[in-house]
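Residue numbers (my numbering), protein chains in the order written: chain L, 1 to 589; chain G, 1 to 324. For glycine and all other residues, C-beta sits at the position ideal for the given N, C-alpha and C. Heads up, the thing below is written out as structure tokens.
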């Protein structure tokens with residue numbers, strides 16, 4: 001494919017440059033700004049429902065101010081509390097950590113790191129963003145409709161999500177949720193196909209698969225997971241639309257509600273759970289893998305040392321990706337699914353611990369005898385290693401069918417997945433932003449405020465989620481508006497207050513990031529071409545963005561991306577530097 | 001709720017304008033020299049120190065949580081299979097804590113020790129097959145242990161009781177937002193029921209033509225079970241999914257409309273005995289709803305009383321049969 005014509009400079013209007021852009025670097029920024037805005041809304045929601053959990057029934061002016069009729073008198077209504085947790089989950093998992101993370105960094109880094117002038121299809125890329133944008137708008141509009149937003153939990157299990165009689169949020173709010181999600185899936189599919197095609201076809205000369213940076217490997221596997229699993233969610237969503245609007249019974253059977261038995265026979269909510277989690281579990285890795293890729297890159301660069309065990313790192317990404325398709329049943333151990341299946345899913349689930357352990361040990365070995373520079377990106381990467389360990393380990397309890405019986409759907413789960421997937425993915429996102437900010441905006445973010453942001457974030461994040469394991473071991477269920485109906489949970493009143501205080505502080509900490517981010521775009525110090533002395537190809541492009549990325553020929557690749565402090569050579573050797581006489585490519589072992 | 005989104009947008013807009021207009025004044029606060037990678041080595045060291053300090057603080061925080069709230073977690077299991085559950089939890093817990101401590105000590109130690117030093121030449125250590133096989137094999141062996149014990153327990157816990165076994169058969173019926181228990185009665189069998197037969201007072205939809213149903217006993221608010229005798233639960237849901245969660249017995253099963261699910265356990269301690277064990281004279285076993293089911297999900301509960309078999313029989317006899 002000849003893409004060289006796009007490197008010609010031509011005048012662009014505001015609209016083609018900033019709005020309907022087909023340039024992957026601009027689309028990356030669009031995904032980032034939109035995704036982060038959604039994430040910001042998501043975190044505000046969490047602060048509001050944490051107010052209710054920390055001080056149940058207490059009046060808060062801010063509730064009335066922000067939530068209006070959802071919190072008459074300053075106390076969130078019980079069904080609106082459920083709407084808040086539902087929308088928080090939906091927004092964070094899909095809009096912030098799927099689109100905001102993959103959309104941003106896959107778009108920015110794939111062409112730049114593999115040496116391509118743009119994505120395989122710039123138009124599809126633009127389409128992917130704009131469909132995502134519309135889905136965001138639909139989701140936000142659903143917050144304002146009669147009956148409130150979807151309230152059946154982010155997993156929207158029917159019949160609760162199918163019947164407006166069951167909860168007010170299952171009316172128009174749920175309809176809009178489903179429409180938004182269908183759009184979102186479309187956007188994600190178009191984007192993922194583009195990523196896969198680009199990585200396979202548009203690598204520059206010499207960029208073999210064994211020389212791909214680990215970021216690209218993780219984006220590739222993420223995109224494949226998305227393409228294979230999101231359509232299943234789309235089918236689940238469409239069948240639910242049928243059940244809701246056209247009287248079918250895919251998920252409904254033997255229901256008596258609103259004073260009458262419904263004429264629905266033969267369906268099963270368990271079917272929905274299978275379809276949902278067939279996406280839902282790979283989704284966890286769609287969220288997590290890009291972060292692991294980003295941190296692998298940063299940990300190596302900022303330790304000034306090659307990543308340890310490149311091939312095992314690639315192998316474990318592939319293994320995690322493959323296994324993620326055959327573990328969905330561990331979300332359903334106590335649904336009444338055949339116990340034999342529970343046994344099978346226990347085995348497959350616990351196997352994921354092996355590639356995860358390899359990744360952790362390889363990270364540790366990479367740090368060992370390195371020369372660590374604590375840029376904010378590096379701080380967040382180290383934070384990710386910690387959260388990945390902490391959250392991953394409790395997975396051994398939840399993945400074991402026997403142990404899951406008593407912690408299923410308790411705060412133990414909330415603590416576990418927020419640490420292993422929420423925090424890890426968020427830390428990876430922040431690491432990526434700090435690290436590639438100079439590439440995106442040609443400016444540097446402030447180092448000191450980045451460090452302050454990191455320390456506030458890791459302390460408050462653990463302060464919020466670590467104590468939740470204790471709540472879970474005491475049997476406190478998730479999605480409870482208040483625990484006051486059960487005297488057995490009274491011991492935890494103070495702990496819930498502490499968690500809520502940490503949550504508020506965590507939110508305030510993110511304002512530092514927001515400020516630093518926006519400030520640096522306008523007033524940050526100008527970045528040099530390769531501020532981190534990194535080896536990957538994106539740093540061979542000029543600081544000022546141009547169409548086609550490289551003003552002249554695309555560089556040719558001669559080595560793997562991790563030649564830091566190679567004995568007898570320069571401190572770092574970018575991938576486009578030819579091998580010296582007698583030098584071997586250290587990646588080719 | 002639209003207000004919330006509007007608020008977020010406005011806040012961002014406000015910040016953008018503010019920074020754009022007032023940017024110069026913040027310049028002082030934001031002084032750095034990013035081009036300079038050799039930067040301030042001392043400042044970099046401080047970050048290493050902070051990690052070491054954070055590591056220690058993190059462990060202290062965990063110890064604090066354990067001392068303060070470790071005693072508030074569930075007491076020892078009140079069911080026979082719960083003993084296996086608790087010991088598996090203990091084994092897993094020990095493994096988790098060990099790995100957690102080792103990896104975190106290494107992480108914070110390396111980060112602290114290998115903070116940038118311009119005299120150090122980092123190792124060029126790209127791979128080592130032996131090491132990597134070691135840490136593939138080690139977790140694999142631990143997992144084989146965990147999986148085997150886990151599956152052995154899972155299969156024995158999930159095995160339904162046979163028709164001939166001496167047991168108490170109870171149907172737990174879930175609807176928004178309360179529980180009802182139905183005892184099989186003298187014949188040991190539950191009568192047919194369907195939500196399509198719900199009609200006025202017959203709120204469980206019991207088939208009034210089924211003779212097996214006549215001696216069934218329906219109770220609300222609290223239900224009793226005998227100690228040391230297997231109890232077979234069957235679950236039904238009327239409207240949406242619910243989950244019958246009896247944490248003290250290490251028992252949980254979803255209640256799914258259109259599907260009958262089941263779980264069985266043998267209670268080990270009576271309510272009185274558990275009050276002594278927990279040193280809490282007000283202790284009661286509880287049945288909670290643990291699957292989001294609507295507005296009052298958080299208040300959907302039923303008290304469970306475990307008592308001697310004689311007391312249980314007396315209590316059951318005092319309840320009316322469905323059709324006498």
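Notebook entry, point to check: Is residue 176 of chain L close to chain G, meaning its C-beta is less than 9 Å from at least one C-beta of that chain?
Noted result: no
Next item on the list: Give the straight-line distance between the Cα atoms of residue 392 of chain L and residue 342 of chain L, rounded to the nearest whole angstrom.
Entry: 20 Å
Item checked: For residue 542 of chain L, three-class secondary structure by DSSP -> coil
Checklist line | Residue burial classification, residue 70 of chain G (beta-carbon count within 10 angstroms, cutoff 16) | finding: exposed
Checklist line | Chain-ordered neighbours of residue 299 of chain G on chain L, where CB pairs are closer than 8 Å | finding: 485
Note to self: If you measure between the beta carbons of residue 242 of chain G and residue 286 of chain G, is that distance less than 9 Å?
What the structure shows: no
Check: Which full runs of the beta strand (DSSP E) of 3+ residues lie inside the stretch 131-213 of chain G, going along the chain?
Finding: 168-175, 178-183
Item checked: Limits of the beta strand (DSSP E) - the one that residue 243 of chain G falls within -> 242-246
Next item on the list: Using a threshold of 9 Å, state whether the C-beta atoms of residue 426 of chain L and residue 97 of chain L are closer than that.
Entry: yes
Next item on the list: Taking all protein chains shown into account, decide if residue 474 of chain L is buried (16 or more other Cβ within 10 angstroms of its Cβ) or exposed.
Entry: buried
Notebook entry, point to check: Count the other CB atoms within 10 Å of the CB of residue 632 of chain L; is the residue buried (16 or more) or exposed (fewer)?
Noted result: This structure gives no information on residue 632 of chain L, because the portion of chain L shown stretches from 1 to 589.
Margin query: Can you check whether the C-beta of residue 170 of chain G is within less than 9 Å of a C-beta belonging to chain L?
Written below: no
Checklist line | Against chain L: residues of the stretch 106-120 of chain G by CB proximity under 8 Å | finding: 106, 107, 110, 111, 114, 115, 116, 117, 120
Margin query: What does the alpha-carbon distance come out to for the pair residue 27 of chain G and residue 138 of chain L?
Written below: Low confidence applies here, because residue 27 of chain G scores a pLDDT of 49, under 50, leaving its location unreliable and the question unanswered by this model.
Checklist line | Beta-carbon neighbours of residue 462 of chain L, restricted to chain G and to distances below 8 Å | finding: 58, 61
Check: Can you list, in chain order, the residues of its chain whose CB lies under 8 Å from that of residue 350 of chain L, leaving out five sequence neighbours each side?
Finding: 396, 399, 400
Check: What is the residue span of the beta strand (DSSP E) that residue 289 of chain G lies within?
Finding: 285-289
Notebook entry, point to check: If we ignore side chains and look at the alpha-carbon of each, how far apart do residue 87 of chain G and residue 133 of chain L end up?
Noted result: 50 Å
Check: Listing by chain order, which chain L residues have their CB less than 7 Å from the CB of residue 295 of chain G?
Finding: 78, 79, 167
Notebook entry, point to check: What are the boundary residues of the beta strand (DSSP E) that includes residue 255 of chain G?
Noted result: 251-255
Next item on the list: For residue 182 of chain L, decide whether its Cβ has a neighbour in chain G, counting only Cβ atoms nearer than 9 Å.
Entry: no
Item checked: Integer Cβ distance of residue 277 of chain G from residue 75 of chain G, believed to fall under 8 Å -> 6 Å
Note to self: By the three-class DSSP mapping on this structure, what secondary structure does residue 262 of chain G have?
What the structure shows: strand
Checklist line | Partners in chain G for residue 92 of chain L, counting only beta-carbon separations shorter than 9 Å | finding: Result: empty, since nearest Cβ-Cβ is about 14 Å, beyond 9 Å.
Check: Which chain G residues sit within Cβ distance under 7 Å of residue 451 of chain L?
Finding: 47
Next item on the list: Specify whether the stretch 162-182 of chain G and the stretch 204-220 of chain G touch according to this definition: at least 3 beta carbon pairs, one from each stretch, less than 8 Å apart.
Entry: yes
Next item on the list: Could you tell me the distance, in whole angstroms, from the CA atom of residue 38 of chain G to the CA atom of residue 470 of chain L?
Entry: Residue placement at residue 38 of chain G is flagged as unreliable, the pLDDT there being 45, under the threshold of 50; the coordinate-derived value follows with that caveat. So the alpha carbons of these two residues sit roughly 44 Å apart.
Margin query: Report the CB separation of residue 129 of chain L from residue 31 of chain L in whole angstroms; it is logged as a contact under 8 Å.
Written below: 6 Å
Margin query: Tell me the rounded alpha-carbon separation between residue 584 of chain L and residue 102 of chain G.
Written below: 36 Å
Check: Do you know offhand how far residue 316 of chain G's Cα is from residue 333 of chain L's?
Finding: 33 Å
Next item on the list: Alpha carbon to alpha carbon, how far is residue 135 of chain G from residue 127 of chain G? Give it in angstroms, no decimals.
Entry: 13 Å
Next item on the list: For residue 407 of chain L, I'd like the list of residues in its chain whose CB is within less than 6 Å of its CB, leaving aside the five on either flank, ordered along the chain.
Entry: 472
Margin query: Strictly under 9 Å for the Cβ-Cβ distance: is residue 390 of chain L near chain G by that measure?
Written below: yes
Margin query: I'd like the ranges of any alpha helix (DSSP H) spanning at least 4 consecutive residues and lying wholly in the stretch 60-120 of chain G.
Written below: 80-113
Item checked: Backbone secondary structure at residue 500 of chain L - three-state DSSP -> helix
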